[in-house]
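Numbering (this note's numbering), first residue to last: 3 to 985.
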Amino acid sequence: MPETSQEDGEHEQNAAVTQLYGEPFDSGLALAEQHQPAADLTAACAVYEHLLTLAESLEDSADVQFLRAHLLANIASVRLNATDLVAAEDAVERSRALLDGIASAPMGPRGRQLWLEMMLRTLLARADLLRRTGHLDEALVCLDEAALRLPEFDDPEGLRTSELGLNRVHLLIERSEWGAAEEQASALLSTTSATAVETIPRLLIALGLICASTGRFDPAEDWFARAEDALRATGDTGELRSLLAHRAYTAMHRGDFDLAERLFAEASAFFERQRRYGDLAVCEQARAFLAGRRGDSTGADDLMAASLARFEQLGASIAAADTMLLGAQHAYDRGDITEMKRLAQEARDVYQAREVYERCAQVDLMLARTLEDNLNRTDHGDHERKSFDNALSLALPAALALEAARYGFATAHARSQWLELADDAMQLVFRLAVRRQDQGLLFELVEHRCAGALLALDRTPSTPAASPSGDAGDAGEFGESVSVFPSAAMKVYGHADGPTRLGGVAADAAASAGLRVAPPPKVRMSQESGRVALQEYIAAAEFRYHRRIVDEEEVPFWITDDLTSRPVVQIRLADAGDLFMTWTWAGGARGFGTGHGPADEVDRAVRALAAALPGPGTAAEGMRHAFASGAMTDPRDEHALARELAEAMWPEGLTAQIRQVSARAGRPLVRIQPSPRVAQVPWELLAVDAESDVRLIDLADVVTTAPTSLRRPDPKPSPRPAPDADTVVLVLDPRIPGFRADSPLGSVLGPPGSDPELLAFVQNRLDAGAVVPSVATPAEAFRRTDLDRDWLSDALRKGARRLMYVGHVSGAPVEGGQSEDGTLHLCCGAGTAGLAEAVRTHRPLSAKDLLLGTLPLRADGEPGARIWPAPPRVALIGCESGGDLRFAESFGLATAMLHNGAELVTATRWVLPTSFAFHRLAGLPESVRPLSAAVVAVDTAHEDRDPVARLGRWQREQLDQWRSDGRIEHSPLLWAAMTCIVV
Numbered sequence: 003m004p005e006t007s008q009e010d011g012e013h014e015q016n017a018a019v020t021q022l023y024g025e026p027f028d029s030g031l032a033l034a035e036q037h038q039p040a041a042d043l044t045a046a047c048a049v050y051e052h053l054l055t056l057a058e059s060l061e062d063s064a065d066v067q068f069l070r071a072h073l074l075a076n077i078a079s080v081r082l083n084a085t086d087l088v089a090a091e092d093a094v095e096r097s098r099a100l101l102d103g104i105a106s107a108p109m110g111p112r113g114r115q116l117w118l119e120m121m122l123r124t125l126l127a128r129a130d131l132l133r134r135t136g137h138l139d140e141a142l143v144c145l146d147e148a149a150l151r152l153p154e155f156d157d158p159e160g161l162r163t164s165e166l167g168l169n170r171v172h173l174l175i176e177r178s179e180w181g182a183a184e185e186q187a188s189a190l191l192s193t194t195s196a197t198a199v200e201t202i203p204r205l206l207i208a209l210g211l212i213c214a215s216t217g218r219f220d221p222a223e224d225w226f227a228r229a230e231d232a233l234r235a236t237g238d239t240g241e242l243r244s245l246l247a248h249r250a251y252t253a254m255h256r257g258d259f260d261l262a263e264r265l266f267a268e269a270s271a272f273f274e275r276q277r278r279y280g281d282l283a284v285c286e287q288a289r290a291f292l293a294g295r296r297g298d299s300t301g302a303d304d305l306m307a308a309s310l311a312r313f314e315q316l317g318a319s320i321a322a323a324d325t326m327l328l329g330a331q332h333a334y335d336r337g338d339i340t341e342m343k344r345l346a347q348e349a350r351d352v353y354q355a356r357e358v359y360e361r362c363a364q365v366d367l368m369l370a371r372t373l374e375d376n377l378n379r380t381d382h383g384d385h386e387r388k389s390f391d392n393a394l395s396l397a398l399p400a401a402l403a404l405e406a407a408r409y410g411f412a413t414a415h416a417r418s419q420w421l422e423l424a425d426d427a428m429q430l431v432f433r434l435a436v437r438r439q440d441q442g443l444l445f446e447l448v449e450h451r452c453a454g455a456l457l458a459l460d461r462t463p464s465t466p467a468a469s470p471s472g473d474a475g476d477a478g479e480f481g482e483s484v485s486v487f488p489s490a491a492m493k494v495y496g497h498a499d500g501p502t503r504l505g506g507v508a509a510d511a512a513a514s515a516g517l518r519v520a521p522p523p524k525v526r527m528s529q530e531s532g533r534v535a536l537q538e539y540i541a542a543a544e545f546r547y548h549r550r551i552v553d554e555e556e557v558p559f560w561i562t563d564d565l566t567s568r569p570v571v572q573i574r575l576a577d578a579g580d581l582f583m584t585w586t587w588a589g590g591a592r593g594f595g596t597g598h599g600p601a602d603e604v605d606r607a608v609r610a611l612a613a614a615l616p617g618p619g620t621a622a623e624g625m626r627h628a629f630a631s632g633a634m635t636d637p638r639d640e641h642a643l644a645r646e647l648a649e650a651m652w653p654e655g656l657t658a659q660i661r662q663v664s665a666r667a668g669r670p671l672v673r674i675q676p677s678p679r680v681a682q683v684p685w686e687l688l689a690v691d692a693e694s695d696v697r698l699i700d701l702a703d704v705v706t707t708a709p710t711s712l713r714r715p716d717p718k719p720s721p722r723p724a725p726d727a728d729t730v731v732l733v734l735d736p737r738i739p740g741f742r743a744d745s746p747l748g749s750v751l752g753p754p755g756s757d758p759e760l761l762a763f764v765q766n767r768l769d770a771g772a773v774v775p776s777v778a779t780p781a782e783a784f785r786r787t788d789l790d791r792d793w794l795s796d797a798l799r800k801g802a803r804r805l806m807y808v809g810h811v812s813g814a815p816v817e818g819g820q821s822e823d824g825t826l827h828l829c830c831g832a833g834t835a836g837l838a839e840a841v842r843t844h845r846p847l848s849a850k851d852l853l854l855g856t857l858p859l860r861a862d863g864e865p866g867a868r869i870w871p872a873p874p875r876v877a878l879i880g881c882e883s884g885g886d887l888r889f890a891e892s893f894g895l896a897t898a899m900l901h902n903g904a905e906l907v908t909a910t911r912w913v914l915p916t917s918f919a920f921h922r923l924a925g926l927p928e929s930v931r932p933l934s935a936a937v938v939a940v941d942t943a944h945e946d947r948d949p950v951a952r953l954g955r956w957q958r959e960q961l962d963q964w965r966s967d968g969r970i971e972h973s974p975l976l977w978a979a980m981t982c983i984v985v
């Protein structure tokens, strides 16, 4: 066996003749390597085959057998690139047999390294082959064997390690485990050496495909652009051409079908010339979909038949099943139900046999949709109920699995984008439940959707470098893998790593990745029966698709033990195309109900509300718009808006119930958990009577509720204040480092000492008990420079009964999906350790900080609930400080305070106008300061035994004055933004 070193990387990286076997083999290997980047795979394979013939004519020896194994491994690699899977399999098996035959032959250290490298290449090639033919578990076994051999191999630059990691990413994609695939690919990219010039562009392409498959098209194009640059740098013409197909796939999913057609046609022509029939079959599959979409049924059928024949010839069983599934849809479209059922069942059988359970769910969803369509077209008579039952038994478990797939993603942004794709399945379920007139099922659907995700503090991105074998460990029955639905033929597997603790080497990755979440808790509908919402459908989903749908912990759908003194109605809303509502009475009143608002009416009302609020653009522009033309500043326009909101979202029957309860038992409490779409709605303002200007707040007190997942008991409770703790922590307009008083992050309350009302409020707190920070005069409480996060932590750890923050809050963009990026601004400099990006010379305190604390930053870090334990009552008076509920996952500032122990948080639904804005934009005299009045009102409420009722009384007073004189200082633009949030 040759004893010289070979720097072959993933193949030889240059055309230089490496002295290894002697002539003609060394120059032949170099020549073949020149052909491959030029996409001349036929020529490369011809060279290898010629060299193999020569090698087979030599006298047999261990060295000659190794030469043959090397040539066969290279042939296998070229055949795989050409998607000639049958020939690749033959080459791989022959190479492995030769390597096994000389495993015990005497060899020196260098010879052993060459043998190991060739064995690793052969194992990776075999894993790739098995993946492409649908043998995913067997492929994983090959990778595990490679991982066991890897520590013995001298791989200083990590080239084989990165190649192994890339193969694991591909397997994750094949199983459509997008979240785990993205996490591993990102971690691998950050640790892969720049010398891995073949692995890096393929990692970039994998990340692009992951983003494209999960609805993030702009990031996908960014990854593809980086991959293109890397491929051009190495002159890899073949992969550059393959990139066309990936971009076509992205364009197709984005809806740019003309571009997709053009790119797929160009890629198909190249693949056909190169005889890369597997890649050609993928393109034909996609082109069949596009042809069917434009009404060319004949062309679609021909392309599907060609694609299916190629996949079957190659043995690519999963890809062939995907084509069958597409064919089933086309068969249904042309009315051939028998053929549709045959193709769908054959595809499902393949998926079941290969344990690709998510594709099984895809089939079930397609069958459910066809049942719904058939119910719309034909009269099922006495069998209609059974038909709806059948459709729901297929659709609901599949939709639950699809929705739950998001928990494998490492960031809230990725999860929010996935939910947009998953929402279509859940809309189908709600439509079926409405058609079935099943009020109980609708109730449980809403309860399940409103339960909210659980914050997972014990997971962090896994790093392949830390565990080369990629062992999953004991992840429980379902593990932590994320398996979701693929688009036809563009997919990949593996088992995600088990839970690990945030901290240490994972700090940077954890800080950038965002919050991790787990499935929602089980929602217990009845204490007596123990029934859990959707329990039979959850059980079916977990059994059929091997996916965890809910956490093991249970929470009651709401707690009524302490609600005996007054009637209470709990309302929850869920988005599923239309807006769905449930309500339940307690506290001396009994009853429940469901309702829904049509999507177009709800969307129109939400748009009208958005037009009345400070809109997009800079803060000054948005506020100027709200004062100049927003409905909130004109009584007639505001009433019209309040009426439009009520007509779209509020059932008249519920208003009637509230009136009846009020007449019999006194003013009820309305607890509302809004859906993200309607989270900014000021429910207090709703004009619930068509004949008069009666608002909801005239009839009831209103409080906002957070998801039930926040009720999850903390296994390590945060320190609670002493029973006699009487401290009020005041953070009033803190001075932000590097920002002048008249800058965007300047003063919100004006110069210290200039507002008598605010001075009186602070003096009242000083007179009533302990105040932190300690001040000699009220004016010293404002515009301080020492109120940073460490000071706040110290103040809260010592115990307090209240926290009041008045200052700047920067909300996270809703389209980004990451509510935890919301920040409040203290006196922290840019050098302060934290999880938010610095803003010039200042680092804000983010909701992510409040939740994760220093866990991502230090190996001995603490969770945020221990660093900043929240007192029972918290006020966050700043711009959109309560915007958490606009997100699918509510982990912003207000809910972070609830998570950290607060019982009630008063926050705002939208951007607040300052008193200065009233003066400058509405011409209000400087002696009238509406924001100061609001601060005092919130302070007064938080001192009351019933803060919700007290704040509601102030809001009714403001409403009465607004209706009587229409003065701008009483506009709902300010006071209707305030809401109390509880769990």
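We treat Cβ as the ideally placed atom computed from N, Cα and C, and that holds for glycine.
Remember, it's a predicted structure, so these values are computed and weren't measured experimentally.
Along the chain, where does the beta strand (DSSP E) that runs through residue i open and close?
| i | result |
| --- | --- |
| LEU732 | 730-734 |
| GLN675 | 671-675 |
| LYS524 | 524-526 |
| PHE594 | 594-599 |
| GLU945 | Note, GLU945: premise wrong, no beta strand (DSSP E); alpha helix (DSSP H) at 932-945. |
In angstroms, rounded to a whole number, what distance separates the CA positions of residue i and residue j?
| i | j | result |
| --- | --- | --- |
| PHE219 | HIS450 | 30 Å |
| ARG922 | ALA979 | 20 Å |
| GLU176 | ARG133 | 8 Å |
| LEU242 | PRO39 | 10 Å |
| LEU138 | VAL358 | 9 Å |
| LEU837 | SER848 | 7 Å |
| SER63 | ARG350 | 49 Å |
| SER244 | LEU206 | 13 Å |
| PHE487 | LEU292 | Because the pLDDT of PHE487 is 27, which lies under 50, any placement of that residue in the model is unreliable, and the question is left without a value. |
| ASP726 | LEU857 | Low per-residue confidence applies at ASP726: pLDDT is 47, beneath 50, and the placement is therefore not dependable, though the value from the model is reported in the following sentence. Going from the Cα of ASP726 to the Cα of LEU857 covers about 31 Å. |
| GLU95 | LEU166 | 19 Å |
| ALA832 | PHE259 | 47 Å |
What are the boundary residues of the alpha helix (DSSP H) that residue i is part of?
| i | result |
| --- | --- |
| TYR353 | 339-355 |
| THR124 | 111-134 |
| VAL88 | 87-103 |
Please classify residue i: does DSSP put it in a helix, a strand, or coil?
| i | result |
| --- | --- |
| ASP580 | strand |
| TYR279 | helix |
| LEU504 | Caution is warranted here: a pLDDT of 29 is assigned to LEU504, below 50, making its placement in the model unreliable, and no coordinate value can be reported. |
| PRO558 | strand |
| ILE660 | helix |
| SER812 | strand |
| GLN572 | strand |
| ASP769 | helix |
| CYS47 | helix |
| ARG969 | coil |
| PRO974 | helix |
| ARG679 | helix |
| PHE784 | strand |
| THR55 | helix |
To the nearest whole angstrom, what separates the beta carbons of residue i and residue j, a pair I think is in contact under 8 Å?
| i | j | result |
| --- | --- | --- |
| CYS982 | LEU906 | 6 Å |
Would you verify that the beta carbon of residue i is, or is not, closer than 7 Å to some beta carbon of chain C?
| i | result |
| --- | --- |
| TYR353 | Within the model displayed, chain C is absent; a lone protein chain is all it includes. |
Requested in this report: Note down, one range per segment and in chain order, each alpha helix (DSSP H) of at least 4 residues found wholly within the region 843-910.
Outcome: 849-854, 866-869 and 895-901
Query - Those runs of the alpha helix (DSSP H) which lie wholly inside the region 259-309 and span at least 4 residues - result: Within the region 259-309, the complete alpha helix (DSSP H) runs of at least 4 residues are 259-275 and 279-295.
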